[in-house]
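Line by line, the protein sequences give chains A and B. One rule links them: number in the numbering used here = place in the first sequence (from 1) + 27. One rule links them: number in the numbering used here = place in the second sequence (from 1) + 889. We put the CB at the ideal spot given by N, CA and C, even for glycine.
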Amino acid sequence: GENVEQHPSTLSVQEGDSAVIKCTYSDSASNYFPWYKQELGKRPQLIIDIRSNVGEKKDQRIAVTLNKTAKHFSLHITETQPEDSAVYFCAARARVYRGSTLGRLYFGRGTQLTVWP
Amino acid sequence: DAGVTQSPTHLIKTRGQQVTLRCSPKSGHDTVSWYQQALGQGPQFIFQYYEEEERQRGNFPDRFSGHQFPNYSSELNVNALLLGDSALYLCASSSPSGPATNSGNTIYFGEGSWLTVV
């Protein structure tokens, strides 16, 4: 099965600085890569995702890049704010077919991001 | 915002007991997956239901079972509870678009059910 590794496990930045979290995956069949933000005691919330036919996607201060050849993808947060503090999870999923057994998400172990004011 | 609803939100059970967790998927979604998230860990896939059948299963023992109803809602049952079953149980819904797609589909998580086994 797929194996997703995420680094670093903890990341502390000063408000206004950028933060980068990196993930690698092992299964070349994976083609969908979401990123989730999880605040303490809450559910994971999708913040951005990227599909394998795209190399980069940006949404305001958040961007994700994907290198299919190297099998790695990264989350970039610019102009960080204290409210960005949370645990961030990357995930990977293989191609989805209707009624197939594919479609499960494989998660990284998470990165605790702390943004200091 | 995702529309996936789970119940109960919190519950405490004793070792050896059984528990049933419930999930209603987002409107228009027909596929339900269950994940277990232990403290400090990423979510781990338990199983997925589509067309009322278990389609894929993660590395969980038979004590974990499920069901999907004709209205696409789902239940997760855990028998003979162990202390190690204490976790946040997340339901996720999705819907493949069309008979086959290379684009994948967005997965939305419910708020989760916090299970504590004492």
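Residues of the segment 941–962 of chain B whose Cβ lies closer than 8 Å to any Cβ of chain A, in chain order | Arg944, Gln945, Gly947
Terminal residues of the beta strand (DSSP E) in which B/Gly929 lies | Element bounds for B/Gly929: n/a, residue is neither H nor E.
So A/Gly130 and A/Val31 are in contact, right, with Cβ under 8 Å, and what is the actual spacing, rounded?
-> No, A/Gly130 and A/Val31 are not in contact; Cβ-Cβ is about 15 Å, not under 8 Å.
Confirm, please, whether the CB-CB distance from B/Tyr997 to B/Ala976 is below 8 Å.
-> no
Could you give the DSSP three-state label for B/Gly973: helix, strand or coil?
-> Correct three-state label for B/Gly973: helix.
In its own chain, which residues sit with a C-beta less than 8 Å from the C-beta of B/Arg904, not counting the 5 before and 5 after it?
-> Leu970, Leu971, Leu972, Val1006, Val1007
For A/Val114, the nearest candidate out of A/Arg88, A/Thr51, A/Ile74 (CA to CA) = A/Ile74
Measuring only between beta-carbons, confirm whether B/Leu971 sits less than 8 Å from chain A.
-> For B/Leu971, the answer is no, since every Cβ of chain A falls outside 8 Å of its Cβ.
Candidates B/Ser916, B/Gly892, B/Gln925, B/Gln906: which alpha carbon is nearest B/Ser1002's?
-> B/Gln925
Reducing DSSP to helix, strand and coil, say where A/Glu110 ends up.
-> Here A/Glu110 sits in helix by DSSP.
Where B/Pro932 meets chain A, residues with beta-carbon distance less than 8 Å | Pro71, Phe116, Leu132, Phe134
Residues of chain A with a CB under 9 Å from the CB of B/Ser922: which are they?
-> Per Cβ cutoff of 9 Å: Gly130, Arg131, Leu132.
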